[in-house]
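One structure below.
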Amino acid sequence: MYRYTVFTLLLFISFTSFARILWAQEAAPVDLGEITVMASQPGVDISADKTVIHMDKFNKPGSLTTITDVLTEIGGVDVQRSSSLMAGPGDEVSIRGLNEGRMVIEIDGRRINQTGHMGRYIVDWSTLTMDDVEQIEIIRGGHSVLHPFAIGGVINIITKNKDAGTKKARGHVNAGYGRYNTWNASAAVEGSANDFTDYHFSGGSQETDGYLKNNFQKTKSFNSRLNFHLPSGAGLKLGLKHSEVDYGMPVVNDPNDPNPVVASLYDPSHPLFRRSSDQLRHLNWPQLPGGDTPKWEKQTDYLDAIFTLTAGPGTLKVHGFMTDGRRRTSLYNKAGSFSKDQFTDDRTQGIILEYMDFAPFEGHKFTFGAEYQELGQPSATQAIYKVKSGYIQDIIQIRDRWTLTPGVRYYQVEKATYKSWMEMGYPAQPPGWPFSVNNTGKTETDSDFFPSLKVDYRLTRDTTLYAAASRSYRLPCP
Amino acid sequence: MIQSFDRIHFRTAAWYYDIKNFINDNGITAPGSGAGSNCLYNIDSVKLYGFEMEASLQITPKLRTTAAYVYQEHQVAQTGHEQDWTYYLPATLPKHKVKALAGYEVIPRGWLQVSARYVGSRGSQKGAELDDYLVCDIGFRKKLRYQGLDYDLNLYLDNATGTRYAEVSGYPMPRYVWGVTLGLKF
Numbered sequence: 013m014y015r016y017t018v019f020t021l022l023l024f025i026s027f028t029s030f031a032r033i034l035w036a037q038e039a040a041p042v043d044l045g046e047i048t049v050m051a052s053q054p055g056v057d058i059s060a061d062k063t064v065i066h067m068d069k070f071n072k073p074g075s076l077t078t079i080t081d082v083l084t085e086i087g088g089v090d091v092q093r094s095s096s097l098m099a100g101p102g103d104e105v106s107i108r109g110l111n112e113g114r115m116v117i118e119i120d121g122r123r124i125n126q127t128g129h130m131g132r133y134i135v136d137w138s139t140l141t142m143d144d145v146e147q148i149e150i151i152r153g154g155h156s157v158l159h160p161f162a163i164g165g166v167i168n169i170i171t172k173n174k175d176a177g178t179k180k181a182r183g184h185v186n187a188g189y190g191r192y193n194t195w196n197a198s199a200a201v202e203g204s205a206n207d208f209t210d211y212h213f214s215g216g217s218q219e220t221d222g223y224l225k226n227n228f229q230k231t232k233s234f235n236s237r238l239n240f241h242l243p244s245g246a247g248l249k250l251g252l253k254h255s256e257v258d259y260g261m262p263v264v265n266d267p268n269d270p271n272p273v274v275a276s277l278y279d280p281s282h283p284l285f286r287r288s289s290d291q292l293r294h295l296n297w298p299q300l301p302g303g304d305t306p307k308w309e310k311q312t313d314y315l316d317a318i319f320t321l322t323a324g325p326g327t328l329k330v331h332g333f334m335t336d337g338r339r340r341t342s343l344y345n346k347a348g349s350f351s352k353d354q355f356t357d358d359r360t361q362g363i364i365l366e367y368m369d370f371a372p373f374e375g376h377k378f379t380f381g382a383e384y385q386e387l388g389q390p391s392a393t394q395a396i397y398k399v400k401s402g403y404i405q406d407i408i409q410i411r412d413r414w415t416l417t418p419g420v421r422y423y424q425v426e427k428a429t430y431k432s433w434m435e436m437g438y439p440a441q442p443p444g445w446p447f448s449v450n451n452t453g454k455t456e457t458d459s460d461f462f463p464s465l466k467v468d469y470r471l472t473r474d475t476t477l478y479a480a481a482s483r484s485y486r487l488p489c490p
Numbered sequence: 098m099i100q101s102f103d104r105i106h107f108r109t110a111a112w113y114y115d116i117k118n119f120i121n122d123n124g125i126t127a128p129g130s131g132a133g134s135n136c137l138y139n140i141d142s143v144k145l146y147g148f149e150m151e152a153s154l155q156i157t158p159k160l161r162t163t164a165a166y167v168y169q170e171h172q173v174a175q176t177g178h179e180q181d182w183t184y185y186l187p188a189t190l191p192k193h194k195v196k197a198l199a200g201y202e203v204i205p206r207g208w209l210q211v212s213a214r215y216v217g218s219r220g221s222q223k224g225a226e227l228d229d230y231l232v233c234d235i236g237f238r239k240k241l242r243y244q245g246l247d248y249d250l251n252l253y254l255d256n257a258t259g260t261r262y263a264e265v266s267g268y269p270m271p272r273y274v275w276g277v278t279l280g281l282k283f
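Residue numbers (my numbering), protein chains in the order written: chain V, 13 to 490; chain Z, 98 to 283.
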């Protein structure tokens, strides 16, 4: 059933701007001279490649505590939330009709998407707090081979790294309160311990009673970043982003519910919430009011170690990473019985080796890379997916106006899948399938090349046209 | 057509996707066990296309507005696996969406901000059509320096229009959500 996904994209973009210079943090820049950038609003720069949101300048009405608070304001980004008070695990973010199941969400350039199994969320937006975020990059479309599995686009969260060399420590304290007993508090301190070490520590807490019945939420977060400036221009950045989310699942609040017990528990102080409501990704069926509290308690750690070294004509980067999630879920099943503290975990880990800014010929700039990634469940199948990939991209400058960006990524994906009851020899689907029979032990492998090409033409000083076509791959998960 | 005027700046883009073997997930609304494996299937072709525009307008040095419009469409090949609970994620997104943000410096280092979103009608998991809506947030932000410290005061009223709306079918959003934040830099 699982096949690779192929897509083609044709994109035409025109672009005008204040004449400013921008080449933000994407690797492998070629000197294009003056790049057009549109400063659409304070803290938001839009170029032909990407939208960059600088959090120290970004401004909007309301609180800014999680990434989705920012994305809600950005053109071309759809955010669907079940509550506007705080980001929830069932929130979805889409670009050009494709949600995070077909986009890449990254921290410092590495993918944080989970498998989507056992809870079905790909990215839990409630865990992505803003305390340590310096800027957010949004790349629309899947034309960059530097980002694996990008079809709809890329959202790259860049953590704080700006204060290198600031020996005097500085920081901030924020606190807020709002309706529905919603409050938040955060603090951060950053600076340099000495000539070789920069640091950033931050933490925050958010809480709300919620709008829907039982839809409370408490989030705590802690972030730590250490940057070491090593000899010979080398650098090492260590990062930890930790969050704890205690999330109450909204329960049916309907005086006309077909279950008379549920109907009798209707609370008019909360809005109507029917069992026919759409289901969120982490909930398979409606949750019920009563003595038990449907909720989950989740801890997530994002760990990163990035080593960079100027080596020969280019820069070498080695990036090891892990996303580790653990949650205990208490909820009603479809039959209406309640179970407490069901444990599920997930882990994504891997390493990226990249050599960038390599310019052996005039007008060319290459990036080479290789990546290994595992996605799975430490308590069950440790590696549901093993992904090996290699990629190369060149940025070719042709005179003043034309830029070609060809690239190709090769994937080899090993998948731990399961046997169908037909291939196991059963004449009909066994009762209780798929849980009544051990159907594990089957593996599949996909491999192929996925090329892309982007062409930029600078029509005038203020206008750039580009078109891109690419073929991409997506892990076969929900 | 793109044109750069003195104080108006545009970006526009169009896109077209043809996705083969699109994995559709009905697991969250599945009958029976609800297991995703019962409810995943490949769709031969899903096509997505549309265009987006963004514009920035600086009316005066103190007044700046931005606006964005997105139109998006999708086509899904029929597979024979459809049931009455089949849904497609792109169908839950609006065909038309407009966002606007304006900021005006009413006093030195004090900005009045208005954010508005229009979201067109769209589908839901279980087939119902959600109405379009327009929601507006208002805020006031003041930065000040006092005794060597930088303060940042933010007052806001989200959904100031009192719009009854839902981004996900069945999940009503609160109205008139007020709040205040205070920041201190040292």
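Virtual Cβ for every residue (Gly too), placed ideally from N, Cα, C.
Discussion item. Counting only Cβ pairs nearer than 7 Å, list the residues of chain V close to LEU231/Z.
Written reply: Residues of chain V passing the Cβ test: none, with the nearest at roughly 15 Å.
Could you pull out every residue in the same chain whose Cβ sits closer than 6 Å to the Cβ of ARG108/Z, ignoring the five residues on either side in sequence?
Excluding residues within five positions, the ones whose Cβ falls inside 6 Å are GLU151.
Helix, strand or coil for ILE134/V? Go by DSSP, reduced to three states. DSSP places ILE134/V in coil when its eight states are reduced to three.
Taking the continuous alpha helix (DSSP H) assigned at ILE86/V, which residues delimit it? Note, ILE86/V: premise wrong, no alpha helix (DSSP H); not H, not E.
Within a Cβ cutoff of 6 Å, which residues of the same chain sit near THR163/Z, ignoring the five residues on either side of it in sequence? Excluding positions up to five away in sequence, the list reads SER153, LEU198.
Problem set entry | Rounded distance between the beta-carbons of GLN172/Z and LYS144/Z, thought under 8 Å | Contact holds; Cβ gap of about 4 Å.
Exercise for the section: Evaluate the contact criterion for the segment 148-167 of chain V versus the segment 90-104 of chain V: three or more CB pairs, one atom per stretch, below 8 Å. Expected result: Judged by pairs of C-beta atoms under 8 Å, the segment 148-167 of chain V does not touch the segment 90-104 of chain V, as fewer than three such pairs exist.
* Asked: Any C-beta of chain Z sitting closer than 7 Å to the C-beta of VAL64/V?
  -> Taking a beta-carbon distance threshold of 7 Å, VAL64/V does not count as an interface residue toward chain Z.
Three or more C-beta pairs under 8 Å: does that hold for the segment 231-248 of chain V against the segment 260-269 of chain V? Contact between the segment 231-248 of chain V and the segment 260-269 of chain V is absent, because fewer than three Cβ pairs lie under 8 Å.
**Request:** Within its chain, find whatever has a CB closer than 6 Å to the CB of VAL185/V; leave out the 5 residues flanking it on each side and keep chain order.
**Result:** Excluding sequence positions up to five before and after VAL185/V, its CB lies within less than 6 Å of the CB of ALA199, all in the same chain and listed in chain order.
**Request:** With DSSP as the reference, label GLU179/Z as helix, strand or coil.
**Result:** Annotated three-state conformation of GLU179/Z is coil, per DSSP.
Practice prompt. Kindly examine the ligand ADP and report whether one of its heavy atoms sits closer than 6 Å to the Cβ of SER204/V.
Written response: Of the ligands one can find in the structure shown there are none, so the ligand ADP has no counterpart to examine.
*asked:* Tell me whether the segment 375-394 of chain V and the segment 285-294 of chain V touch, counting them as touching only if at least three CB pairs, one residue from each stretch, are closer than 8 Å.
replied: Three or more Cβ pairs closer than 8 Å define a contact, and the segment 375-394 of chain V falls short of that threshold against the segment 285-294 of chain V.
Check: Can you name, in chain order, every residue of its own chain whose Cβ lies under 6 Å from the Cβ of TYR166/Z, other than the five neighbours on each side?
Finding: Within the same chain, TYR166/Z has close Cβ partners MET150, VAL195.
Limits of the alpha helix (DSSP H) - the one that VAL273/V falls within = VAL273/V: member of the alpha helix (DSSP H) spanning 272-276, first to last residue.
query: Is the CB-CB distance between GLU309/V and ARG340/V below 7 Å?
result: The answer is yes: Cβ separation under 7 Å.
In whole angstroms, what separates the C-alpha of SER217/V from that of TRP195/V?
-> Whole-angstrom Cα-Cα distance: 8 Å.
ask   = Based on the DSSP secondary-structure assignment, which residues constitute the bridge partners of PRO418/V?
value = Note: PRO418/V sits in a beta bridge opposite LEU465/V.
- Task: Return the CA-CA distance between GLU287/Z and LEU321/V, expressed in angstroms with no decimal places.
- Result: Residue 287/Z is absent from the structure shown; chain Z starts at 98 and stops at 283.
- Measuring only between beta-carbons, confirm whether ASP179/Z sits less than 7 Å from chain V. In the sequence under discussion, the amino acid at residue 179/Z is Glu, which differs from the Asp named in the question. At a cut-off of 7 Å between C-beta atoms, GLU179/Z does not count as an interface residue with respect to chain V.
Q: Using a threshold of 7 Å, state whether the C-beta atoms of GLU383/V and ALA395/V are closer than that.
A: No, the pair does not count as a contact, with Cβ atoms beyond the cut-off.
Checklist entry - Can you name, in chain order, every residue of its own chain whose Cβ lies under 7 Å from the Cβ of SER448/V, other than the five neighbours on each side? => result Exclusion of the five residues before and after SER448/V leaves PRO442 as the residues of its chain whose Cβ lies within less than 7 Å of its Cβ.
ask   = Relative to the C-alpha of TYR253/Z, which residue among GLY267/Z, HIS178/Z, CYS233/Z is closest?
value = It is CYS233/Z.
### Query
TYR223/V touches chain Z at which residues, Cβ-Cβ below 8 Å?
TYR223/V reaches chain Z at PRO269, MET270, PRO271, counting residues in chain order whose Cβ is nearer than 8 Å.
Practice item. Give the interface partners of ASN111/V over in chain Z, defined as CB-CB distance under 7 Å, in chain order. Key: Ordered by position in chain Z, the residues that pass the 7 Å Cβ test against ASN111/V are LEU186.
Where ILE235/Z meets chain V, residues with beta-carbon distance less than 8 Å:
Correct list: PRO73.
Per DSSP, which residues does LYS232/V bridge with? Please list them.
DSSP, once it has assigned bridges, lists SER217/V, GLU256/V as partnering LYS232/V.
Cβ shell of GLY113/V (< 6 Å), same chain only, five flanking positions each side left out: For GLY113/V, where only same-chain residues beyond five positions count, the Cβ hits under 6 Å are ILE134.
Determine, using beta carbons only, whether ASN235/V and LYS249/V come nearer to each other than 7 Å.
If you check the CB distance, ASN235/V and LYS249/V do not come in under 7 Å.
Given 8 Å, three or more beta-carbon pairs between the segment 422-435 of chain V and the segment 405-413 of chain V:
Contact between the segment 422-435 of chain V and the segment 405-413 of chain V is absent, because fewer than three Cβ pairs lie under 8 Å.
For this session: My understanding is that TYR397/V touches LEU315/V, with C-beta atoms under 8 Å, so please give their C-beta distance in whole angstroms.
Result: The distance from the Cβ of TYR397/V to that of LEU315/V is about 19 Å, inconsistent with a contact at the 8 Å cut-off.
Among the residues of its own chain, which have a CB less than 6 Å from the CB of TYR367/V, if the five just before and after it don't count?
For TYR367/V, where only same-chain residues beyond five positions count, the Cβ hits under 6 Å are GLY326, LEU328, PHE380.
ask   = According to a CB-to-CB cut-off of less than 8 Å, which residues of the segment 269-303 of chain V neighbour chain Z?
value = Contact residues of the segment 269-303 of chain V toward chain Z are PRO283, LEU284, PHE285, ARG286, SER288, SER289, ASP290, GLN291, LEU292, ARG293, LEU295, ASN296, TRP297 (C-beta to C-beta distance below 8 Å).
Along chain Z, in chain order, which residues have C-beta atoms closer than 9 Å to that of GLN92/V? Near GLN92/V (Cβ distances below 9 Å), the residues of chain Z are THR189, LEU190, GLU264, VAL265.
Considering only the alpha carbon of each residue, which of ASN451/V, TRP297/V, TRP137/V lies closest to GLU256/V?
Of the listed residues, the one whose Cα sits closest to GLU256/V is TRP137/V.
Next on the checklist: Can you tell me where the beta strand (DSSP E) holding ARG108/V begins and where it ends?
Outcome noted: ARG108/V -> no beta strand (DSSP E), and no H or E assigned at all.
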